[in-house]
Each structure stands twice: as C-alpha cells, then as structure tokens.
Amino acid sequence: MDPEEPTSQDFEKILLDLGHIPLKNLVKSKIVDLVGVVIAFKPTIKSRGTDYSKNLVIVDPSLCLPGENGLSLNLFRPQENLLPDVRNIGDIILCRKLTVRVRFVGMYTHRNHINLHWHSSLPNLLHLRQIQEYNDKMQAVSIKAISTWATFDGNPDTPLEPRRSTWSEKTVIGEPQRKIVRVLREWWRVRNKELEQQGAIGGLPLLRRPRPQLTTVEILKEDMFLDYVGEVVGCWSDYGRPLMTLLLTDYTENPRLQDIEPGRNPMGVSGRRIVRCSLWDQNATRSQHINLASLVFLRNAKSELDGAGCLRLVVHGDKVHPDKVDVMRLREDDPRLSDLLRRRNEFQDAMREKEKVEREVREEQERQARLEPTQQLVYQTVIKYQDSPTRIANVLNSNEISTYRIRARVVDIGPLKLEGFTRPYCKECDSIFDPTPNRYTACPQCSASMTEDAYVYQFGFILKDEEGTELPVIVCWDDALDFLPGLPPAKYEDCFDLHLLNVVSHRSYFLIHPCFHPSFSLYENNCTLQGLRSRLSKICHLDTILHKSPGYSARGHPIVDWAIKSYLPDENDNAHDMRFRVFKTSIV
Numbered sequence: 001m002d003p004e005e006p007t008s009q010d011f012e013k014i015l016l017d018l019g020h021i022p023l024k025n026l027v028k029s030k031i032v033d034l035v036g037v038v039i040a041f042k043p044t045i046k047s048r049g050t051d052y053s054k055n056l057v058i059v060d061p062s063l064c065l066p067g068e069n070g071l072s073l074n075l076f077r078p079q080e081n082l083l084p085d086v087r088n089i090g091d092i093i094l095c096r097k098l099t100v101r102v103r104f105v106g107m108y109t110h111r112n113h114i115n116l117h118w119h120s121s122l123p124n125l126l127h128l129r130q131i132q133e134y135n136d137k138m139q140a141v142s143i144k145a146i147s148t149w150a151t152f153d154g155n156p157d158t159p160l161e162p163r164r165s166t167w168s169e170k171t172v173i174g175e176p177q178r179k180i181v182r183v184l185r186e187w188w189r190v191r192n193k194e195l196e197q198q199g200a201i202g203g204l205p206l207l208r209r210p211r212p213q214l215t216t217v218e219i220l221k222e223d224m225f226l227d228y229v230g231e232v233v234g235c236w237s238d239y240g241r242p243l244m245t246l247l248l249t250d251y252t253e254n255p256r257l258q259d260i261e262p263g264r265n266p267m268g269v270s271g272r273r274i275v276r277c278s279l280w281d282q283n284a285t286r287s288q289h290i291n292l293a294s295l296v297f298l299r300n301a302k303s304e305l306d307g308a309g310c311l312r313l314v315v316h317g318d319k320v321h322p323d324k325v326d327v328m329r330l331r332e333d334d335p336r337l338s339d340l341l342r343r344r345n346e347f348q349d350a351m352r353e354k355e356k357v358e359r360e361v362r363e364e365q366e367r368q369a370r371l372e373p374t375q376q377l378v379y380q381t382v383i384k385y386q387d388s389p390t391r392i393a394n395v396l397n398s399n400e401i402s403t404y405r406i407r408a409r410v411v412d413i414g415p416l417k418l419e420g421f422t423r424p425y426c427k428e429c430d431s432i433f434d435p436t437p438n439r440y441t442a443c444p445q446c447s448a449s450m451t452e453d454a455y456v457y458q459f460g461f462i463l464k465d466e467e468g469t470e471l472p473v474i475v476c477w478d479d480a481l482d483f484l485p486g487l488p489p490a491k492y493e494d495c496f497d498l499h500l501l502n503v504v505s506h507r508s509y510f511l512i513h514p515c516f517h518p519s520f521s522l523y524e525n526n527c528t529l530q531g532l533r534s535r536l537s538k539i540c541h542l543d544t545i546l547h548k549s550p551g552y553s554a555r556g557h558p559i560v561d562w563a564i565k566s567y568l569p570d571e572n573d574n575a576h577d578m579r580f581r582v583f584k585t586s587i588v
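Under full-length UniProt numbering, the residue at position 532 of the sequence shown is numbered 532, and the numbers go up by one with no gaps.
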C-alpha cells in the first residue's frame, strides 16, 4: 500500500466525525439507519409470501478485518421494481428505518460473531433496519411500508447522485449523507488498490467472501464451493437415475484434471482443459435442453476427487427447494462470458494455424510419395475374412452397413500413449472410462466397487491406402483380443497358465467368472506393454508415429491387410455418422 494513502482506520475516524455509525457497532432489536459498500448481492427472488426479496452484503471500514463477513441485508417489497437498484460490487447503499433482529436457524448463517454495541450518536444518514442475530450473527431487515433506500454508483468519478429508480425518491439525501458516500467511495478505491498490490483478486478477499466464480485453472483442491462458466464439449444422461454428466471447458488448463484424449469433441478441445461435471436431481432433469456447444453457468458447484484422484465438479439438488435449479444456459452476449469467448477465439486461431501447418506438411508428403516408385506390398496381418480388396474411397461412399477387406498403411495411432490402449471397465453399468495411471476403487458412473472389474482394449488407427484416401478405424472388445492374440488388456494375478490366461482375457469369460480378475493395467504391467510395442512395430514404424516431427511421412510404412465393418453408433443415426471397426484381423 502507498504510505501516502489513508488506512481503513483513518477512514473510519473520518466517518465517525461525519456522524456515521460503524456497522460493527450495531445492536439487535434496534431500528437503525445504515450505509455501506455492497460486496455481494443475489438476484431478486419471490418470497414465500406475496413479496419480492433481495439479499445484499455490505461493509464499511469498521468491518473489513480477516474473518469478518460483512453485514447481511434482507429487503422486501410487494413489487420487484421497488427493491434497491444494485448493479455492481462496490455500489453504495443507504437505508433508513430497518430493524436489527436475531437470525434463527434455517436462514443463511455467517461463521464469525460480530461484536456489536450501540453508538448513541446515530444521525439520519443511514437506512433504518432491523438487525437479526442468528447463530450469533446479525442481519438487517426492512420494515414493511416504512423502510426506504437509495443506491449510488461506487465509482468516485461518477456524479454523486442516487439512482433515480425504485424507492429512492422517498429517501431524503442531504449534504451529510453525500459526504459519507463520498468517503466510502474513496475508501473502497484505496482498499481495492491495496489488495491488487497484494496479488488479491476482486474486492475484499480478507473478508469471508461470497462464493467465488472460478475458472478451470483456479480450481485448486477438492471441497471448494464455486460458480463456474463453461462451454459444453460433451454431455450424456443416466436414464436410470436423475444424473446428467457434462464435459465443460473455459479454455484454461488445470494439471489436476483428467487428461482427455484429442478428437473426443468437434471443438477440438482436449487434454486438461476439460472438467467433468455431474448434475444431480432437478439440475439434471431440467437441463435436458443443454447440448453440445451450449454455454452454461453453474451455481454452487462443489469440487470433488473422482476414483482416479482427478478433480471434477458436482452440482447437487436442493431438497428443501425442489424448484431451484443451479444450472443456467447463457446467451453469447451475457457479460459473464466475455473472458471465455476471448480465450475461445485465441484457442481456435491457434488450432487453425496448427491445421494449416499440418495440411502443408501432408500435401508435401503426398507430393513426395507420388514421385517415388510404388513400394512392394508386405502384409503383416492374418485376416479371417476372404473377399477381394476394396478401395477406401468406395468404403466411404457406401451408405450401407457392410464388411470390407482393405489394404492400407497405418499413418497415425490413438492414443499416442500406449498405456492408454486399455481402459477401466465397470461390468455393473457396462461403462468404459478414460485411461488413467491410477486404479479406480469405485465406478465414477454408478459408484460400484471396481476391485473385481476388468480392463478392456480400446484404441484406433488412421489408415491410408495407395490412392492416398484415409479411413479412421477403432479396435475394441473381443476384436482387440483377436488383433493382439496372447496379449490380454491386463495382468491377471489368479492366472498362471498361459493358455488359461488367453481364455479368461475374453470379455464373456470374466463376466461369468469374476474370480479371474485383472490387477494391473498397462501403466503397471511393463511386460505386456513391451509386447504391445513389439506387435504394433510389425504394422508400422511405431517410434516415428509416436514422436512424429512436422516433416513426418508415413510413406515408408508397410501395407497391411485389414478386415473392417461399418456400423452406426445409434440406430437413429444416418449414413453420415457411419463408423468403422477392425474385426477378424490378427497381427502375425
């Protein structure tokens, strides 16, 4: 802080000389006038009766020490437009004739007790209010048809006039009140400047602040309650329970999030930019309008650790107020989205530049390939599907679900971390989860125990034929076990016979005989991992793909025989959504 700037104690003394009653000196069961700086406010809501209500939290120089929460104000009026016109943190509100009462169980509580005593020289400068003390906490409440208020912009550079709206016309504003507002404006400016120099974020972090709105990178640990704004890059519902899962991004990264593989969403967002969020109860059932690319606001989300030790968010339902929904879809012009949209534009610009470089490299590789003589075909696979080879272009042009034989080289692999070729699998809910070096103790989807559940293979290739046409294919389930014979997706601690190991590695067996369960994934089973590397090296130059440089070319990779079949992920999909998987194919 600038040594020339006055301190909060200096401002408090100035306000006392002007007749201002410090907020910390209020006494319950008194009718008082108040004035303070708004540090938090909630949207106007309909109360249980016929009135509308607005909740504010205010401070002054007497109420800004560590552990102090500010004073809560609850204001009621029969019409919404009669409530205070509070627009921003830092606005100043002046109230007359409000009562001070005890806060009873069931209302919002503050954690720290405020030491209150009566100051006898309270002039007609401040709102009269009732102050309630609930669990040793105080709050001020408006009196029906008596209390009045006025609000001022907190910016010292704006005219010192109350906002001409709502109830302010009934509040007489004299020169003494204007002086107090002027001093509070200056105090708030100095206070913010001091906190910025200390590296604090926002208005008053030394108070017990209202719930913060955080970005992904700012979610530092579990058990934090926060608001969050993000874009949906994935969503699905659990039709057996009131649960909806969202994959969200605000285009910042957090090292404690699960590492999501590329290509999982059309926005191209991957890695630790994606936070998984579970919506429960009414938040799930009333969020079915939310879909891919929706922009959403989460209120009162809680950070938790999943079974793999990664951070996620959870928004629980309110059993007391079943109509309350803490998930809101936002329009792009909502001011809360300004930073997210800026980061999204920067991300998309970077992605376009990356795609441009990759396209130029690919075109150069294809040009070089056309100048070289055709490579002698070398087949490193055995297929159990006898048919004439088909051009990939013909496969892509077909609208029918069918099977094919193609000859193509591997030009890319996913995931690039071979440890991610196996994924945790829960047999209780038949769910597959993203690769992780940590063992799941409970299913993130249904919470069932994972101690006797399996790992399954799930990986993919991008294939390119001699004409240069590319085709993405997936290898999974029993087809993956056929593709990698003798290499089960996990090490079985109960199996010592190699033949038996090959038998129980099939999905159908471990679903019926759970006593043969895997104990180690590829992250822990180096022997199987090396075997996998050896197999894949037969069908491509593996290290070249895993560590490809900008000048990478796949033209020297061997041609491989493949049996593939097309399918639709959902029966309602059309031919445009056709996918392809490898079957009846084994690496020699």
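Positions of the beta carbon are idealized from the N, C-alpha and C atoms, including for glycine.
| Check | Outcome |
| --- | --- |
| Validate contact between the region 403–419 and the region 287–294 using beta carbons, cut 8 angstroms, 3 pairs | no |
| Pair within 8 angstroms by beta-carbon distance, Gly174 and Val37 | no |
| Beta-carbon spacing of Thr50, Pro84 below 8 angstroms | no |
| Rounded separation between Asp339 and Trp280 - CA only | 28 angstroms |
| N- and C-terminal bounds of the beta strand (DSSP E) containing Glu304 | 295–305 |
| Residues bridged to Tyr440 [DSSP beta-bridge criterion] | Looking at the DSSP assignment, Tyr440 forms no beta bridge with any residue, so it has no partner. |
| Inter-residue CB distance, Arg409 and Ser388 (contact presumed, cutoff 8 angstroms) | In fact, because the Cβ distance is near 19 angstroms, the residues do not count as touching under 8 angstroms. |
| Cβ-based neighbour list, Ser142, same chain, cut-off 6 angstroms, excluding 5 preceding and 5 following | Leu75, Phe76, Leu98 |
| Own chain residues within Cβ distance below 8 angstroms of Thr44, not counting five before or after | Tyr52, Ser53, Lys54, Glu80, Leu83 |
| DSSP beta-bridge partners of Ala448 | Looking at the DSSP assignment, Ala448 forms no beta bridge with any residue, so it has no partner. |
| As assigned by DSSP and simplified to three states, the class of Phe433 | coil |
| Own chain residues within Cβ distance below 6 angstroms of Val475, not counting five before or after | Phe459, Phe483, Val582 |
| Three or more C-beta pairs below 8 angstroms linking the region 551–563 and the region 342–360 | no |
| First through last residue of the beta strand (DSSP E) which encompasses Cys476 | 470–476 |
| Closest residue to Thr422 among Leu522, Asn394, Asp465 (Cα-Cα distance) | Leu522 |
| Beta-carbon spacing of residue 602, Ile564 below 8 angstroms | Nothing about residue 602 can be read from this structure; the chain reaches only from 1 to 588. |
| Residues near Glu186 by beta carbon distance below 7 angstroms, same chain, minus five either side | Pro156 |
| DSSP three-state assignment for Asp339, whether helix, strand or coil | helix |
| Coil, strand or helix - Val59 by DSSP | strand |
| Proximity of Asn254 and Thr285 at Cβ, strictly below 8 angstroms | no |
| Ala150 beta carbon less than 8 angstroms from that of Pro162 | yes |
| Exposure label - Asn69; buried when at least 16 CB within 10 Å | buried |
| Contact check, Cys277 vs Leu313, beta carbons under 8 angstroms | yes |
| Segment contact flag, the region 326–339 with the region 298–310, C-beta cutoff 8 angstroms, min 3 pairs | yes |
| According to DSSP, residues forming a beta bridge with Thr171 | Answer by DSSP bridge pairing: none, since Thr171 is not bridged. |
| Check whether Cys235 and Leu247 have beta carbons under 8 angstroms apart | yes |
| Of the listed residues Ser147, Val190, Ile89, nearest to Pro61 (C-alpha basis) | Val190 |
| Top-ranked residue by Cα proximity to Leu341, from Ser431, Ser402, Asp250, Ile383 | Asp250 |
| Beta-bridge pairing of Trp280 - partner residues as DSSP gives them | Leu243 |
| Beta-ladder partner(s) of Ser586, from DSSP | Val382 |
| Burial state of Asp91, where buried means 16 or more other Cβ atoms lie within 10 Å | buried |
| Close-in-space but distant-in-sequence residues of the same chain around Pro569 (CB under 7 angstroms, 5 per side omitted) | Asp577, Arg579 |
| Residue range of the alpha helix (DSSP H) that includes Phe11 | 8–17 |
| Thr528 in three-state terms, based on DSSP | helix |
| For Ser72, the nearest candidate out of Arg48, Arg87, Lys46, Leu26 (CA to CA) | Leu26 |
| Buried or exposed by the 16-neighbour rule on C-beta atoms within 10 Å, applied to Ala575 | exposed |
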